[in-house]
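There are 2 protein chains.
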Amino acid sequence: MAATETLTAERILEATEEVLRRYGPAKATVVDVARALGVSHGSVYRHFRTKAALREAVTERWLERNVTELRPYAEGPGPAAERLTGWLEHLFALKRQKAGGDPELMATFQVLIGENSAVVDRHVEHLVAQIAAVLADGVRDGVFAAGDHGVTATARAVFDATDRFHDPAHAADWAAPGIEDDFRAVVSLVTRGLRA
Amino acid sequence: MAATETLTAERILEATEEVLRRYGPAKATVVDVARALGVSHGSVYRHFRTKAALREAVTERWLERNVTELRPYAEGPGPAAERLTGWLEHLFALKRQKAGGDPELMATFQVLIGENSAVVDRHVEHLVAQIAAVLADGVRDGVFAAGDHGVTATARAVFDATDRFHDPAHAADWAAPGIEDDFRAVVSLVTRGLRA
DNA sequence: GGAATGACAAATATTGAAATCTGTCATCGG
DNA sequence: CCGATGACAGATTTCAATATTTGTCATTCC
């Protein structure tokens, strides 16, 4: 039906996301994706060497959106301390919203995450770099101390310390009552630890 | 063969642990446990109402050992700051050792953990209480600040912030190079955050 | 010429019948 | 009398036959 438009990697990725959303990671097949696009599955293989590569590309796209959403905090103006808490709160809110709003989609996402740890590692690098940018501003302004092992190591420590509030592995906890308090307590502990 | 000894809950738990170790969580059956003890499976049901209850008891025993191992840091003498880092390091070392030394056993353990979240929650309470005891000593001695929301909330924040280094969900990461540095960076950040 | 197709082999997943396991309980034996 | 037994029904798991999917490639079509 959509055979009029040319088949691009982008269109295949959109269809794949839709198929994953509808059937889940276990049942979504390349044939399903091709059917959704009204083409033969052979055509999909022209754009993606394997099913794994296709799923990896979807995962990458998905994660990339988070980085984009958080960029304002990393680059935006304002005091570094507020930008850091804003960044952490926004990340947690994003994740919680996704996990709470559509648990099945979150489960699908978690499977993809598990399949593509290399992609995830690269994504974590991006996020840590965003934290590091905020920390660097804070150090420059004298509100944060440069950590014992450099800003990047400290940024990673901030990311690791808040792991429970952004790692999909903990998504099941995010609906628990009191999780907000736990989050605030950790953020408070971490920001105290950063103070100059 | 061991039919001479009386059948106790304790002996059943030992046999169950052995069976779990040998066959893994998916294959370990109540019949296997009974066979290992040389009794009928009906006898096992005299001591544990269900297979789930049996597994829960094993999980509880397993976790209890950790609490015992860490008690010296919680109660022992010495400066609170050193006891805290010692406690955190010992916990991480314990977990890493188990995960690295016998990955299959760790996987088994992780399945049991997942099945028995109520038991795990109680166990976490115990661990947080141990941290809280150290923090309370530190506050008394003037080396730690009482957190904004009380010692227990702060203790939980310490536990949460170091989650990546004790939660079995992250066991796969514990063999990565640089994990030691990551751990030290988080502990450093946290202890800074606690200082009076 | 270059993108799209669909037949095909090998790998993977599904299915349903057979086997095993869980949990109960009437009976046994010390 | 009281713990242990094993036969049993219903639930779950296993296994092997069957069907689907993945990935390739010679051929088709624009």
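First to last, the sequence lines map onto chains A and B. For the first sequence, position 75 matches number 75 in the working numbering, and the numbering has no gaps at all. For any residue, its number in the working numbering is found by taking its place in the second sequence, counting from 1, and adding 196. Quick reminder that beta carbons are idealized off the backbone N, C-alpha and C, glycines included.
8 Å is my cut-off, CB to CB: does residue i come that close to chain A?
| i | result |
| --- | --- |
| residue 287 of chain B | no |
| residue 385 of chain B | yes |
| residue 228 of chain B | no |
| residue 382 of chain B | yes |
Please check if any C-beta of chain B sits within less than 8 Å of the C-beta of residue i.
| i | result |
| --- | --- |
| residue 169 of chain A | yes |
| residue 28 of chain A | no |
| residue 126 of chain A | no |
| residue 193 of chain A | yes |
| residue 148 of chain A | yes |
| residue 182 of chain A | yes |
| residue 84 of chain A | no |
Taking 6 Å as the limit between beta carbons, can you name the residues of its chain near residue i, skipping five residues before and five after?
| i | result |
| --- | --- |
| residue 126 of chain A | 67 |
| residue 351 of chain B | 324, 327, 328 and 331 |
| residue 95 of chain A | 166 |
| residue 137 of chain A | 80 |
| residue 116 of chain A | 56 and 59 |
| residue 171 of chain A | 99 and 106 |
| residue 139 of chain A | 146 |
| residue 157 of chain B | Past the edges of chain B, shown from 197 to 392, lies residue 157 of chain B, and the structure says nothing about it. |
Assuming residue i contacts residue j (C-beta within less than 8 Å), just tell me the rounded distance between them.
| i | j | result |
| --- | --- | --- |
| residue 430 of chain B | residue 215 of chain B | An answer regarding residue 430 of chain B cannot be provided, because it is not within the stretch 197 to 392 covered by chain B. |
| residue 315 of chain B | residue 252 of chain B | 6 Å |
| residue 220 of chain B | residue 192 of chain A | Between residue 192 of chain A and residue 220 of chain B the Cβ distance is about 44 Å, and since that is not below 8 Å, they are no contact. |
| residue 266 of chain B | residue 286 of chain B | 6 Å |
By Cβ distance below 7 Å, which residues in the same chain neighbour residue i in space, the five residues on each side in sequence not counted?
| i | result |
| --- | --- |
| residue 183 of chain A | 92 and 165 |
| residue 213 of chain B | 254 |
| residue 284 of chain B | 358 and 383 |
| residue 282 of chain B | 269 |
| residue 175 of chain A | 100 |
| residue 247 of chain B | 226 |
| residue 257 of chain B | 209 |
| residue 337 of chain B | 276 |
Going along the chain, which residues of its own chain have a beta-carbon closer than 8 Å to the beta-carbon of residue i, five neighbours each way excluded?
| i | result |
| --- | --- |
| residue 143 of chain A | 79, 80, 81, 195 and 196 |
| residue 33 of chain A | 12, 15, 16, 19, 41, 44 and 54 |
| residue 217 of chain B | 301 and 304 |
| residue 168 of chain A | 95, 99, 106, 109, 110 and 113 |
| residue 178 of chain A | none |
Determine which residues of the stretch 348-360 of chain B have a Cβ less than 8 Å from any Cβ of chain A, and write them out in chain order.
With the criterion set as a beta carbon lying under 8 Å from some beta carbon of chain A, the members of the stretch 348-360 of chain B are 349, 350, 352, 353, 354, 356, 357, 358, 359 and 360, in sequence order.
Quick check: the stretch 269-288 of chain B against the stretch 187-195 of chain A, are at least 3 beta-carbon pairs closer than 8 Å?
no
Is the number of C-beta pairs between the stretch 143-150 of chain A and the stretch 298-317 of chain B that are closer than 8 Å three or more?
no
Chain A contacts made by the stretch 235-250 of chain B, where a contact means CB separation under 7 Å:
none
So, do the stretch 233-253 of chain B and the stretch 290-298 of chain B have three or more beta carbon pairs nearer to each other than 8 Å?
no
Give me the subset of the stretch 91-119 of chain A whose CB atoms are less than 8 Å from a CB atom of chain B, sorted by chain position.
none
Of the residues that make up the stretch 255-267 of chain B, which ones have a beta carbon closer than 7 Å to any beta carbon in chain A?
none
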